[in-house]
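Residue numbers (the UniProt record's numbering): 1 to 545.
First the structure, in the form of structure tokens, and then the observations on it.
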Ligand code: TEU
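Written as structure tokens, this is what we have:
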């Protein structure tokens, strides 16, 4: 068997000082849609708490909870009106305390969302800003400007909201305020020291309550180009994440992250921050994880890569190289609450499911830290036919896209009919497809061929096998359309091989070891395996093999 070493890259090296977060599997809980304890159709913190045994037995290391703070819910909690309290819809501060304590007792860490680019328009600061005159200290916490054109009736510049339409809204006295997202989400002015102090205090509040870290919303926002220059063209939503815009990924934003890192480092127990940053290139993304900045950044280049071997390989190699260059672990993510679920993105139906199974083994074998979005362990597809009256996402309402409701449909737990054990009430805030009766946790639990069984098995191997988590990846030679590599852990010892067939036809791949886990049926003979299309295989390689 030829082992062509085409690239070697490592992630999460022990030499960098270790750390739980370097190879953690972090499960995203979209609180609103996870589990509903009080029967109002909306998930809540006691609901999450009641399902901790499920999460602990799934085998993940940490939970990331999406915003549960006081909010008018114009963007389902990403419009925060009080950063230091829990919205009654989701519970109380005591519920948050109890959830953190019980998660810790079960060996699960808790990461909470922090939303620093904007507040809600109902936040006390924004209400004060509206009540105060132009030029006041209250307005200086946000980005207020006079308009252009006769009577200042045109917006101050040509910036567009991520959710579509102009990024400016006019207030009765004629000034305009900036909102890169919905009009109910006014952008904060991070040139104002008061904003820095306020967020330092908010971070301390949650750190003192015991959280293990933060997911930093729009970590590429906050700093705007001096003078707020025009972009020069429209359709800016199409440029997001691929082009440099005067409102995203501006270099001075890194100073804010350095400040936050200094704060995090004053706490014990390795508290971390992960950047939700859409940067134009892997290099620019890695800048968010330089040693004095945040610990991780979501790898959206991996998430957006098509199901194509050459492209996947390029993204993986590039991600490992750029993360390595700054000494950070690479991260891997396939889905979240903002994007179409990957079963559907990869083609939907049987093929989408097969690919998602193979993608799970690919992702969990890569060096670094992995994210799992609630429901991907059940193989949930995007819900594409939600009745219009339920589609409430501001992105859709403002014309900035199809809407993100379809990936936020609540989880099916058990039973034969919607809402499938999600809550005690008759319905869930977004309706669940009746076909999900076959996808409930209860239905999959006893089925060794289910997606849930695959995730559990893969996470168990990942925990036990010395080659998974941090460490190195060495590519193996294989036929076109396939990816094959061998993993070595940070401490050496047994190695693990992974082969994935992303092509359209069965392919013969190297199998220099003992099979451990496969995403579907395959045939092994001698030192090779015949791997059907859209199938992945893990094998064990002895330390001296
Ligand atoms: O998202 C930031 C962001 O730019 C995108 O994920 C965007 O929402 C997506 O491309 C849709 O166009 C974060 C949150 O994850 C998202 O849910 C919030 O709506 C947004 O920030 C505003 O806080």
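Don't be surprised by glycine CBs; every beta carbon is placed ideally from N, CA and C.
Minimum length 3: unbroken beta strand (DSSP E) runs contained in the segment 355-398: Listed in chain order, they are 369-373.
Element boundaries [beta strand (DSSP E), containing residue 28]: Position 28 of the chain shown holds residue 28. Element bounds for residue 28: 25-29.
Own chain partners of residue 5 with C-beta closer than 6 Å, once the 5 adjacent residues on each side are dropped: The residue you call residue 5 lines up with position 5 of the chain shown. Low per-residue confidence applies at residue 5: pLDDT is 39, beneath 50, and the placement is therefore not dependable enough to give any value.
Proximity below 8 Å, CB of residue 107 to CB of residue 56: Counted from its first residue, the chain shown places residue 107 at position 107. Counted from its first residue, the chain shown places residue 56 at position 56. It is a contact, given that the beta carbons lie within the stated cut-off.
Helix, strand or coil at residue 14 according to DSSP, with G and I counted as helix: As a first step, residue 14 must be located in the chain shown, where it is residue number 14. A caution first: residue 14 carries a pLDDT of 40, below 50, which makes its placement in the model too unreliable to give a value.
Nearest residue (CA-CA) to residue 322, options 212, 281, 483, 208: In the chain shown, the residue the question calls residue 322 occupies position 322. Ranking 212, 281, 483, 208 by Cα distance to residue 322 puts 281 first.
Any non-hydrogen atom of ligand 1 closer than 7 Å to residue 43 Cβ: Start at 1 with the first residue of the chain shown, and residue 43 comes out as number 43. Distance from the C-beta of residue 43 to the nearest heavy atom of ligand 1 is not below 7 Å.
Cα-Cα separation, residue 310 to residue 355: As a working mapping, residue 310 is identified with position 310 in the chain shown. As a working mapping, residue 355 is identified with position 355 in the chain shown. Residue 310 and residue 355 have their alpha carbons spaced roughly 16 Å apart.
Strand pairing of residue 498, partner residues [DSSP]: Your numbering for residue 498 matches position 498 in the chain shown. Paired residues: 485, 538.
Residue 28 beta carbon near ligand 1 (any heavy atom closer than 7 Å): The count along the chain shown starts at 1 and reaches residue 28 at position 28. With a cutoff of 7 Å, residue 28 does not count as near ligand 1, since its C-beta is closer than that to no heavy atom of the ligand.
Distance CB(residue 439)-CB(residue 378) smaller than 8 Å: Translated into the one-based positions of the chain shown, residue 439 becomes position 439. Translated into the one-based positions of the chain shown, residue 378 becomes position 378. Contact flag set, yes.
Residue 235 classed as buried or exposed, judged by whether at least 16 other C-beta atoms fall within 10 angstroms: By one-based count along the chain shown, residue 235 stands at place 235. Residue 235 sits exposed, since fewer than 16 C-beta atoms from the chains shown fall within 10 Å of its C-beta.
Local Cβ density within 10 Å of residue 1, reported as buried at 16 or more and exposed below that: Start at 1 with the first residue of the chain shown, and residue 1 comes out as number 1. In this prediction, residue 1 scores a pLDDT of 33, lower than 50, which makes its location untrustworthy; no coordinate-derived value is stated.
Option in 436, 535, 19, 335 with minimal Cα separation from residue 357: Position 357 of the chain shown holds residue 357. If we check each option's Cα against that of residue 357, 535 comes out closest.
The segment 132-139 in contact with the segment 200-212 per 3-pair CB rule at 8 Å: Contact between the segment 132-139 and the segment 200-212 is absent, because fewer than three Cβ pairs lie under 8 Å.
Neighbourhood of residue 391 by C-beta, 6 Å cutoff - its chain only, sequence neighbours within 5 removed: Taking the chain shown and counting its residues from 1, the one referred to as residue 391 is at position 391. Within the same chain, residue 391 has close Cβ partners 403, 405.
Check: residue 191 C-beta below 7 Å from any heavy atom of ligand 1: Taking the first residue of the chain shown as 1, we reach residue 191 at position 191. No.
heavy atom of ligand 1 below 7 Å from residue 400 C-beta: On the chain shown, position 400 is the one that residue 400 refers to. Yes, the Cβ of residue 400 comes within 7 Å of a heavy atom of ligand 1.
Rounded separation between residue 140 and residue 191 - CA only: Your numbering for residue 140 matches position 140 in the chain shown. Your numbering for residue 191 matches position 191 in the chain shown. Going by the C-alpha atoms only, they are around 9 Å apart.
Segment contact, 8 Å Cβ cut-off, at least three pairs: the segment 143-158 with the segment 32-47: Flag = no, the segment 143-158 and the segment 32-47 do not touch.
Neighbourhood of residue 51 by C-beta distance below 6 Å, restricted to the same chain and skipping five residues each side: Numbered from its first residue, the chain shown carries residue 51 at position 51. Answer for residue 51: 35, listed in chain order.
Residue 417 burial status per 10 Å Cβ neighbour count (16 or more: buried): Working through the chain shown from its first residue, we reach residue 417 at position 417. Label assigned to residue 417: exposed.
Buried/exposed call for residue 258, threshold 16 Cβ in 10 Å: The sequence position of residue 258 within the chain shown is 258, counting from 1. In this structure residue 258 is exposed. Its beta-carbon is surrounded by fewer than 16 other beta-carbon atoms within 10 angstroms.
Cβ pair count under 8 Å reaching 3, the segment 265-275 against the segment 226-240: Judged by pairs of C-beta atoms under 8 Å, the segment 265-275 does not touch the segment 226-240, as fewer than three such pairs exist.
Meets three-Cβ-pair contact criterion under 8 Å: the segment 527-544 and the segment 346-355: Counting Cβ pairs under 8 Å, three or more are found: they touch.
Rounded straight-line distance, which links the Cα of residue 375 to that of residue 224: Counted from its first residue, the chain shown places residue 224 at position 224. Counted from its first residue, the chain shown places residue 375 at position 375. Pairing residue 224 with residue 375, the inter-Cα distance amounts to about 36 Å.
C-alpha gap between residue 297 and residue 318, whole angstroms: Here residue 297 is taken as the residue at index 297 of the chain shown, counted from 1. Here residue 318 is taken as the residue at index 318 of the chain shown, counted from 1. Between the C-alpha atoms of residue 297 and residue 318 there is a straight-line separation of about 14 Å.
C-alpha distance - residue 499 paired with residue 137, whole-angstrom precision: Residue mapping note: residue 499 aligns to position 499 of the chain shown, counting from 1. Residue mapping note: residue 137 aligns to position 137 of the chain shown, counting from 1. Distance between the alpha carbons of residue 499 and residue 137: 59 Å.
Which of helix, strand or coil DSSP assigns to residue 126: Position 126 of the chain shown holds residue 126. If DSSP states are grouped into helix, strand and coil, residue 126 belongs with the helices.
Rounded C-alpha distance that separates residue 67 from residue 328: Here residue 67 refers to the residue found at position 67 when the chain shown is read from its first residue. Here residue 328 refers to the residue found at position 328 when the chain shown is read from its first residue. If I take the Cα positions, the gap works out to 26 Å.
heavy atom of ligand 1 below 7 Å from residue 404 C-beta: Here residue 404 is taken as the residue at index 404 of the chain shown, counted from 1. In this structure, residue 404 has its beta carbon less than 7 Å from a heavy atom of ligand 1.
First through last residue of the alpha helix (DSSP H) which encompasses residue 47: Looking up residue 47 in the chain shown gives position 47. Segment 45-50, the alpha helix (DSSP H) holding residue 47.
Inter-residue Cα distance where the pair is residue 151 and residue 232: Here residue 151 refers to the residue found at position 151 when the chain shown is read from its first residue. Here residue 232 refers to the residue found at position 232 when the chain shown is read from its first residue. Taking the straight line from one Cα to the other gives about 23 Å.
Three-state class that DSSP yields for residue 526 in the structure shown: Taking the chain shown and counting its residues from 1, the one referred to as residue 526 is at position 526. Reduced to three states, the DSSP call for residue 526 is coil.
Between the CA atoms of residue 518 and residue 540 - distance to the nearest angstrom: On the chain shown, residue 540 is found 540 positions in, with the first residue counted as 1. On the chain shown, residue 518 is found 518 positions in, with the first residue counted as 1. Cα to Cα, residue 540 sits roughly 12 Å from residue 518.
Enclosing alpha helix (DSSP H) for residue 282 [first to last residue]: The residue you call residue 282 lines up with position 282 of the chain shown. From DSSP, the alpha helix (DSSP H) with residue 282 extends over 282-286.
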